[in-house]
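So for the sequence shown, the working numbering puts the first residue at 109; every next one is plus one.
Ideal Cβ placement from N, Cα and C applies to all residues, glycine included.
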Amino acid sequence: MKLLHQMPPYNLFGIEEQEYKKAKVVALPVPYDSTTTYKSGTRDGPHAIITASRNLELYNEEYKREIGEIGIFTTEELEPSLDSPGETVNRVEKEAGLILEDGKLPLLIGGEHSIAIGGIRAVAKKNKDFSVIHFDAHSDYRNEYAGSKYCHACIMARAREACLSCYSIGVRSIDKESAVRYSKDILYRKDMHSLSIDEISNMINRHTKKNVYITIDFDVLDGGIMPSVGTPEPDGLNFYEMDRILKNILKEKKLLGIDFNELSPISGMIAPDFLAAKLIFNALCHAFFQKKGK
Numbered sequence: 109m110k111l112l113h114q115m116p117p118y119n120l121f122g123i124e125e126q127e128y129k130k131a132k133v134v135a136l137p138v139p140y141d142s143t144t145t146y147k148s149g150t151r152d153g154p155h156a157i158i159t160a161s162r163n164l165e166l167y168n169e170e171y172k173r174e175i176g177e178i179g180i181f182t183t184e185e186l187e188p189s190l191d192s193p194g195e196t197v198n199r200v201e202k203e204a205g206l207i208l209e210d211g212k213l214p215l216l217i218g219g220e221h222s223i224a225i226g227g228i229r230a231v232a233k234k235n236k237d238f239s240v241i242h243f244d245a246h247s248d249y250r251n252e253y254a255g256s257k258y259c260h261a262c263i264m265a266r267a268r269e270a271c272l273s274c275y276s277i278g279v280r281s282i283d284k285e286s287a288v289r290y291s292k293d294i295l296y297r298k299d300m301h302s303l304s305i306d307e308i309s310n311m312i313n314r315h316t317k318k319n320v321y322i323t324i325d326f327d328v329l330d331g332g333i334m335p336s337v338g339t340p341e342p343d344g345l346n347f348y349e350m351d352r353i354l355k356n357i358l359k360e361k362k363l364l365g366i367d368f369n370e371l372s373p374i375s376g377m378i379a380p381d382f383l384a385a386k387l388i389f390n391a392l393c394h395a396f397f398q399k400k401g402k
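Laid out in structure tokens, this is it:
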């Protein structure tokens with residue numbers, strides 16, 4: 109007997125059959141928020157995203173394909189270190205490295221943004237010629253913050269140690285030292301208003317290499333649609349802008365790894381959880397279903 113309210117399996121998108129050997133994408137949930145400096149709660153982000161994703165339709169009307177065709181495997185949640193942010197990053201790097209060794213795309217689901225350091229380092233060990241594309245309301249270029257070099261405010265400083273080609277999009281909060289040093293590699297949100305989506309996408313593609321690692325902090329989105337973040341900033345991107353920019357990037361680039369971070373669920377408010385899940389859904393469809401540019 110099939111139960112009336114039987115839910116899909118507990119994995120990303122509730123895919124009925126997932127097999128690691130055949131998967132092209134491996135989703136690694138990392139429930140971590142030890143260095144969060146304002147509103148905590150990102151440790152609950154992966155669970156909220158996966159739960160919402162199980163209630164999405166699997167069919168993508170734009171590409172006339174079902175997301176299960178890609179081959180997606182969801183691992184168990186990675187246990188973070190309670191003692192050391194650096195150790196948590198090392199654990200993420202190790203697991204992402206194993207995924208890459210098996211020829212699959214690591215999809216990290218945070219958790220706080222510091223987990224991106226592990227993903228970037230894992231990719232850097234296998235690929236010397238790539239760029240980090242960074243979507244965020246904050247520049248995250250501090251060398252150290254709150255006594256740690258592995259704080260969520262330091263991810264781009266650590267990223268540059270592994271990859272010299274980095275480009276940030278949507279930034280609207282930055283410290284003076286970082287602004288002086290890194291503004292040439294930042295597309296500020298204030299400057300995006302006068303550009304079309306195609307112009308923004310072309311600018312990103314020109315500034316970055318063929319191979320890319322994409323790291324996304326959900327606070328790059330406007331707080332009106334994404335209030336569930338630890339440190340929201342006004343004047344963010346809307347869903348359509350973010351989705352189309354990702355589509356245009358992924359049409360031209362080879363994706364080596366990707367992460368989505370900083371969802372801090374608000375009790376009783378599920379719309380941001382679904383937005384996060386849908387953005388991941390669309391990004392994977394853009395990466396695997398659209399025809400690549402020459």
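Residues of the same chain with a CB within less than 6 Å of the CB of Y128, apart from the 5 flanking positions on each side, are F181 in chain order. Uninterrupted beta strand (DSSP E) stretches at least 3 residues long and entirely within the segment 296–349 occur at 319–325, given in chain order. Distance from the CA of P373 to the CA of Y171, rounded to the nearest whole angstrom, comes to 30 Å. Each of Y249, I282, G278 and I217 was checked against the Cα of E269, and the nearest Cα belongs to Y249. Closest by C-alpha distance to H301, out of G278, A230, P137 and N251, is G278. Distance from the CA of A204 to the CA of H221, rounded to the nearest whole angstrom, comes to 15 Å.
In the DSSP assignment, C393 falls within the unbroken alpha helix (DSSP H) covering A379 to F397. Looking only at L363, G365 and E370, the smallest Cα-Cα distance to V337 is reached by E370. Taking the Cα of V133 as reference, the smallest distance to any Cα among M311, G331, L215 and G149 is reached at L215. For K236, there is no enclosing alpha helix (DSSP H), as DSSP gives it neither H nor E. In the DSSP assignment, P116 falls outside any beta strand (DSSP E) and carries neither an H nor an E. Distance from the CA of L206 to the CA of I225, rounded to the nearest whole angstrom, comes to 16 Å. Taking all protein chains in view, the Cβ of G255 is surrounded by fewer than 16 other Cβ atoms within 10 Å, so the residue is classified as exposed. Residue pairing by DSSP puts C274 in a beta bridge opposite V240.
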